[in-house]
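Chemist: Heads up: take any position in the sequence shown, counting from 1, add 4, and you land on the working numbering. C-beta atoms are modelled at their ideal positions from N, C-alpha and C, and glycine is treated no differently.
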Amino acid sequence: MPPKSKAPKKVFHPDSRKAGQLARNALRKGKLGNLRTKRTKKAYSLLDLYVFFHAALPPAPEGLVPGAEPTEALTLPELHAIARAWVARHDGMLAEEQASQRKGRPKSAREMRIEELRLREQETYRTGMELPDLTDPPTLERFRKWDVTSLGYAHLLHFVRISSELPDVIVRSRAPAASAAEAVREGEEEDEEAPELLDEMDMT
Numbered sequence: 005m006p007p008k009s010k011a012p013k014k015v016f017h018p019d020s021r022k023a024g025q026l027a028r029n030a031l032r033k034g035k036l037g038n039l040r041t042k043r044t045k046k047a048y049s050l051l052d053l054y055v056f057f058h059a060a061l062p063p064a065p066e067g068l069v070p071g072a073e074p075t076e077a078l079t080l081p082e083l084h085a086i087a088r089a090w091v092a093r094h095d096g097m098l099a100e101e102q103a104s105q106r107k108g109r110p111k112s113a114r115e116m117r118i119e120e121l122r123l124r125e126q127e128t129y130r131t132g133m134e135l136p137d138l139t140d141p142p143t144l145e146r147f148r149k150w151d152v153t154s155l156g157y158a159h160l161l162h163f164v165r166i167s168s169e170l171p172d173v174i175v176r177s178r179a180p181a182a183s184a185a186e187a188v189r190e191g192e193e194e195d196e197e198a199p200e201l202l203d204e205m206d207m208t
């Protein structure tokens, strides 16, 4: 007995109501896909930023009394120093790429990506970069305990904005979540979107 052939897919008239529904569904899926991509890129950048600042922290002082109120904190100039290092972190790579180019040749795609990233981050720093408030002792102590993997943990921290144009000004921008459970709820979506790798773009 010959195998049954699959029924052909039904083709709808382009002006029919069903065709309109399918077109709207496809458009919605496309928009959701774009939104997810944007959220992923944002989570990617935030995780990279927080990991950089965590790695840049000076060693914790020794001899702290367990249970005592934390007193260690960064100064505002120290916070700016880390922010400037963050913006300039690809400068060596950019210089190498420029040196490898023949004179008169157009910029490579890699060089343009690095320059675009640097300009974007410079502008963010100029207009106001949001960071964990490492000038606040309890926030710094809590930030040190972060496992550098979960973005949800950031909701337990105080955040501030600093700007390269106003280096003496620090503005409290975000308070921590009321509880760890609330922080987990707020961070679940961000953690789902965050990738495992920390480099914002492929520089190779």
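#1: Taking Ser177 as part of the beta strand (DSSP E), name the residues at either end of that continuous run.
#2: Here's a check: name, in chain order, each residue in its chain whose Cβ is nearer than 6 Å to the Cβ of Pro12, leaving out the five neighbours to either side.
#3: Excluding the five sequence neighbours on either side, which residues of its own chain have a C-beta within less than 7 Å of the C-beta of His84, listed in chain order?
#4: Between which two residues does the alpha helix (DSSP H) harbouring Glu76 extend?
#5: Could you pull the start and end residues of the beta strand (DSSP E) that Pro2 belongs to?
#6: Does DSSP classify Val91 as helix, strand or coil?
#7: Using a 10 Å radius around the Cβ and a threshold of 16 neighbouring Cβ atoms, would you call Met133 buried or exposed?
#8: Arg178 and Phe163 look like a contact to me (Cβ under 8 Å); what is the Cβ gap, rounded to whole Å?
#9: State yes or no: is the C-beta of Pro136 within less than 8 Å of the C-beta of Phe57?
#10: On the criterion of 16 or more Cβ atoms from any shown chain inside 10 Å, does Thr75 qualify as buried, or is it exposed?
Modeler: Concretely, from the data shown:
#1: Residue 177 sits at position 173 when you count from the first residue of the sequence shown. Where Ser177 is concerned, the enclosing beta strand (DSSP E) stretches over 174-178.
#2: As a first step, residue 12 is located in the sequence shown; it is residue number 8 there, counting from the start. Its pLDDT being 46, under 50, Pro12 is placed unreliably in this model, and the coordinates cannot settle the point.
#3: Mapped onto the sequence shown, residue 84 falls at position 80. The residues are Ile166, Pro171.
#4: Position 72 of the sequence shown, counted from the start, is the residue given in the question as residue 76. Per DSSP, Glu76 belongs to no alpha helix (DSSP H) and is neither H nor E.
#5: In the structure as shown, the chain begins at 5 and stops at 208. Residue 2 is therefore absent and cannot be evaluated.
#6: On the sequence shown, residue 91 is found 87 positions in, with the first residue counted as 1. DSSP places Val91 in helix when its eight states are reduced to three.
#7: Within the sequence shown, the letter at position 129 stands for residue 133. It is buried - the Cβ of Met133 has at least 16 other Cβ atoms within 10 Å.
#8: Walking along the sequence shown from the start, residue 178 turns up at place 174. Walking along the sequence shown from the start, residue 163 turns up at place 159. Yes, they are in contact, since the Cβ atoms of Arg178 and Phe163 sit about 4 Å apart, within 8 Å.
#9: The residue you call residue 136 lines up with position 132 of the sequence shown. The residue you call residue 57 lines up with position 53 of the sequence shown. Yes, they are a contact pair.
#10: In the sequence shown, the residue the question calls residue 75 occupies position 71. Flag for Thr75 reads exposed.
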